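Visitor:
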Amino acid sequence: MALPRTMRALESPIYRRYYVGQAVSMIGTWVQSVALMWLAYDLTHSTAFTGLIGLLNGVPYLVISPIAGVLGDRLPRRKILIAVLSLLMIQAIVLTVLTGLTLIRPWSLACLALFAGICNAFETPTRQSFFVQLLDRKEDLPNAIALNSILMNGSRLVGPSLGGLIIAGFGETACFALNAITYLAVLGALIRVRVVHKKPPRAASHPLTDLAEGWRYAMGSLVVRRMLFTLAAVSLAISPYTTLMPAIAVQTYGKGAELVGLFIGAVGLGAVISAITLARRTSIRGLGKYIGIAAMVAGVGAAGFSFSRNVGLSFFFMMMAGFGMFQVGSVINTILQSVIDEDKRSRVMAYFTMFFIGSAPIGHFSAGWIAEVIGAPRTFLVGGCIALAAGLVFTLLLPSFRKHLRPLYVRHGIIPASEAGAPTQ
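Positions 11 to 435 (this note's numbering) are the ones given, in order, by the sequence shown.
#1: Isoleucine 114 to isoleucine 177, Cα distance in whole Å?
#2: Can you grab the Cα-Cα spacing for the pair leucine 232 / valine 349, in whole Å?
#3: With DSSP run on the structure shown, which of helix, strand or coil describes asparagine 67?
#4: Within the stretch 212-282, note down every full alpha helix (DSSP H) run reaching 4 residues or more, in order along the chain.
#5: What is the DSSP secondary structure of glycine 385, counted as helix, strand or coil?
#6: What is the residue span of the alpha helix (DSSP H) that serine 356 lies within?
#7: Name the two residues that bound the continuous alpha helix (DSSP H) containing methionine 335.
#8: With 16 other CB atoms within 10 Å as the buried threshold, where does arginine 147 fall?
#9: If I'm right that serine 284 touches phenylalanine 333 with Cβ under 8 Å, what's the distance once you round it to whole angstroms?
#10: Helix, strand or coil, according to DSSP, for proline 86 in the structure here?
#11: Compute the Euclidean distance between the alpha carbons of proline 152 and isoleucine 345, then round it to the nearest angstrom.
#12: Under three-state DSSP, which class holds leucine 49?
#13: Would tyrosine 28 and leucine 144 qualify as a contact pair, given that the criterion is a beta-carbon distance under 7 Å?
#14: Tell me which same chain residues have a C-beta within less than 7 Å of the C-beta of threonine 363, skipping the five on either side of it?
#15: Hey, isoleucine 396 and alanine 247 are a contact pair by Cβ (cut 8 Å); roughly how many whole angstroms apart?
#16: Indicate the three-state DSSP secondary structure (helix, strand or coil) for aspartate 508 in the structure shown.
#17: Give the straight-line distance between the Cα atoms of tryptophan 117 and serine 56, rounded to the nearest whole angstrom.
#18: Relative to the C-alpha of isoleucine 201, which candidate in Lys265, Thr106, Ile24 and Gly298 has its C-alpha closest?
#19: With DSSP run on the structure shown, which of helix, strand or coil describes leucine 406?
#20: Using a Cβ-Cβ cut-off of 7 Å (strictly less than) and excluding sequence neighbours within five positions of alanine 50, which residues of its own chain qualify?
#21: What does a CB cutoff of less than 8 Å around lysine 354 pick up in its chain, not counting 5 residues either side in sequence?
#22: Between the alpha carbons of proline 256 and alanine 190, how many angstroms are there, rounded?
#23: Given alanine 493, which residues of its chain have a CB within under 7 Å of its CB, disregarding the five upstream and five downstream residues?
#24: The alpha helix (DSSP H) that contains phenylalanine 186, what's its start and end?
#25: Helix, strand or coil: which one does DSSP assign to arginine 290?
#26: Taking only three categories from DSSP, how would you classify glycine 10?
#27: Cα separation between leucine 221 and valine 80?
#28: On a CA-only basis, which of Arg204, Ile303 and Val69 is nearest leucine 408? Give me that one, please.
#29: Going by DSSP in three states, serine 159 sits in which element: helix, strand or coil?
#30: Please state the DSSP three-state secondary structure of arginine 295.
#31: In its own chain, which residues sit with a C-beta less than 6 Å from the C-beta of histidine 207, not counting the 5 before and 5 after it?
#32: Excluding the 5 residues preceding and the 5 following tryptophan 379 in the sequence, name in chain order all residues of the same chain whose CB lies nearer than 6 Å to its CB.
#33: Check whether the stretch 383-399 touches the stretch 308-323, counting contact only when three or more Cβ pairs, one atom from each stretch, lie closer than 8 Å.
#34: Is histidine 414 helix, strand or coil by DSSP?
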């Protein structure tokens, strides 16, 4: 099946089947995410509480992701995904029932958000390392990573906008019900797919030993360490947009859930544009310099949004923020997946998840409380300044980053040894 260059990884029928099922499920996930934040704000009219929901939904990543990485390197990743996604479907069903019967309360919403966070902390790093096993050709890995980013961020574009419309027309209950149904698509795909590439056999060892080995492997590399800390800073600064957006829509624009969905969808649109630009590339050479640039773009977008009072201009600034934040994440993901050892892939991607998604709840919680004091718009400005600073620091330190990255590229056959001294990364 001949496909355009930007979609060449989908020529693999096994990967294509999983990709489609995942796409359907991720749209449902984002529909529920918007409904969850809107419901949290509607129940309490407090940005601090929406920040708490974001914290509970994300803080398990800080603790559980490394453990999930160890499990992903020890157990069949497909079976882990089936188990965890089934639990998330049950959570969506419980939300549907409680909201449908008007029994939902702030405390129960918080408990369900925490439960989802625990499940997602196992699911995300496992998913990040699983799809690599479905590819027919190893050289399709960079394209598959870019396509995976398009999937994640395309759902971020469609899901929130759809969620806002569903909330306005039918209420939050319909959003939770739709999410529960969409889990069937990815579960069905996982039940049917079979991995193409098996994980290499590993010597028996204690889980804590594996955990420590993964941390030493990640933190012992200047390349990995610097990328992860830059990723954490940008995520901490920009990701609270979902927490702050209900307050922006109501207090700044006098609007409702439709505008929340529109602005969150703008982030998704920027992220999709970012992913498409990466999917068009045939090599990862030269990607490193875009990490700092993208972080600064995200910072400018967030800062610009803080001053704008025009819906169209605000949409553009949020699109910039989305482009920048997810360009940082996608570029780092691509470089990591290309240079890490297969027997440590789940553990390193677990740390990627911990730094990217695990830092977000700290941002959500902090932003929620800061917004109570200085307002949501000024809180966006604070985040923009942090992202700008992170991008500037990475750019200033880029020469040493390139120096340490080149040997990894040589080791994994990305560049020939004769080019190891050339500044092409």
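Each residue gets a CB set at the ideal place from its N, CA and C atoms; glycine is no exception.
Every value quoted in this text rests on a predicted model; they were computed, and no experiment measured them.
Guide: Checking against the coordinates, here is how it stands:
#1: 16 Å
#2: 13 Å
#3: helix
#4: 217-229, 232-248 and 251-257
#5: coil
#6: 355-366
#7: 321-349
#8: exposed
#9: 5 Å
#10: coil
#11: 9 Å
#12: helix
#13: yes
#14: Tyr71, Ser75, Thr134, Pro135 and Gln138
#15: 4 Å
#16: Any question about residue 508 goes unanswered here, given that the chain covers just 11 to 435.
#17: 14 Å
#18: Ile24
#19: helix
#20: Phe59, Thr60, Ile63 and Leu119
#21: Asp83, Glu223, Gly224 and Tyr227
#22: 24 Å
#23: Residue 493 lies beyond the range of the chain shown here (11 to 435); nothing can be said about it.
#24: 182-202
#25: coil
#26: Here the chain has residues from 11 to 435 only, and residue 10 is not among them.
#27: 6 Å
#28: Ile303
#29: helix
#30: coil
#31: Confidence at histidine 207 is low in this model, with a pLDDT of 49, below 50, so the placement of that residue should be treated as unreliable; the coordinate-derived value is given next. Within the same chain, histidine 207 has close Cβ partners Gln143.
#32: Ala58
#33: yes
#34: helix
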